[in-house]
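Residue numbers (this note's numbering): 276 to 539.
Where a beta carbon is used, it is the ideal one built from N, C-alpha and C, also for glycine.
Data block below; observations after.
Put into structure tokens, the structure is as follows:
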């Protein structure tokens, strides 16, 4: 049985309260259909690309939860030249609503970054940097109870994310076999979140070249997995939580959603 849009939005905001989002972010209900107030099917995706939108229209979803908002900066015009504008126009014409949790879901308890932490089962975690009074911050610091070699960390991360390869920058000490005890991590482009944190290893999707060099100079190794590879694996967990909260709504993970970069 369909649920009111307001009920689905309430569930999303309980999972990832919007006050946790970064100030620069574009989160929440960013497109609201004036016509569709009942949700029978909702598609979950990291990016709302044109191919994902084709899938959404084919499966007749009324709501899209796009982890990344389709746009960040204010739109001055809408036309057909740019892909994100075409997606927005088509979505509006089809009567779709669009919701983005983005950095709110990164920071939330049992959110994206807490899910990354679960790759290392014998470990303690804490939020970074400088958590708010309620203990919330975007990134996470992981302290391993049993230290691991860098190669073991890389294999653990690959298994957790379902990847064949990751990019590794090894500090001199870790290349010589010294073990890893602390890991600073953040999904997506996490250099600005974890780049000043003391840790043996930084784990994120992407970092700037000179930030990697700075980390190595401090003796910190780096593992990069490409941006959305650190995010997409959370979607089954999000679907599981929404299934429990919104009985009667079918939540579908977009099959067309994929990391655009490949290591060959």
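Rounded separation between residue i and residue j - CA only
i, j, result
"residue 521", "residue 515", "10 angstroms"
"residue 444", "residue 425", "10 angstroms"
"residue 372", "residue 339", "6 angstroms"
"residue 308", "residue 530", "24 angstroms"
"residue 337", "residue 295", "26 angstroms"
"residue 328", "residue 357", "15 angstroms"
"residue 361", "residue 346", "12 angstroms"
"residue 402", "residue 436", "21 angstroms"
"residue 537", "residue 498", "16 angstroms"
"residue 460", "residue 478", "5 angstroms"
"residue 350", "residue 510", "28 angstroms"
"residue 355", "residue 489", "42 angstroms"
C-beta atoms of residue i and residue j nearer than 8 angstroms
i, j, result
"residue 534", "residue 503", "yes"
"residue 278", "residue 524", "yes"
"residue 370", "residue 331", "no"
"residue 415", "residue 388", "yes"
"residue 375", "residue 302", "yes"
"residue 383", "residue 469", "no"
"residue 335", "residue 316", "yes"
"residue 390", "residue 512", "yes"
"residue 463", "residue 505", "yes"
Expected contact under 8 angstroms - CB spacing of residue i and residue j to nearest Å
i, j, result
"residue 320", "residue 286", "That pair is no contact at about 17 angstroms."
"residue 413", "residue 378", "6 angstroms"
"residue 305", "residue 344", "6 angstroms"
"residue 392", "residue 438", "Residue 392 to residue 438, Cβ: 17 angstroms. No contact."
"residue 441", "residue 432", "6 angstroms"
"residue 446", "residue 494", "5 angstroms"
"residue 475", "residue 496", "7 angstroms"
- request: Kindly provide the ranges of any beta strand (DSSP E) runs that are 3 or more residues long and lie completely inside the stretch 347 to 405, ordered along the chain.
  value: 372 to 375, 398 to 403
- prompt: Is the stretch 414 to 422 touching the stretch 396 to 404 in the sense that three or more CB pairs, one from each, lie closer than 8 angstroms?
  reply: yes
field: Ranges of the alpha helix (DSSP H) found wholly within the stretch 412 to 492, counting only runs of at least 4
entry: 425 to 436, 447 to 450, 466 to 469, 484 to 492
- prompt: Where in the stretch 512 to 538 do unbroken runs of the alpha helix (DSSP H), each at least 4 residues long, occur, reported from the N-terminal end onward?
  reply: none
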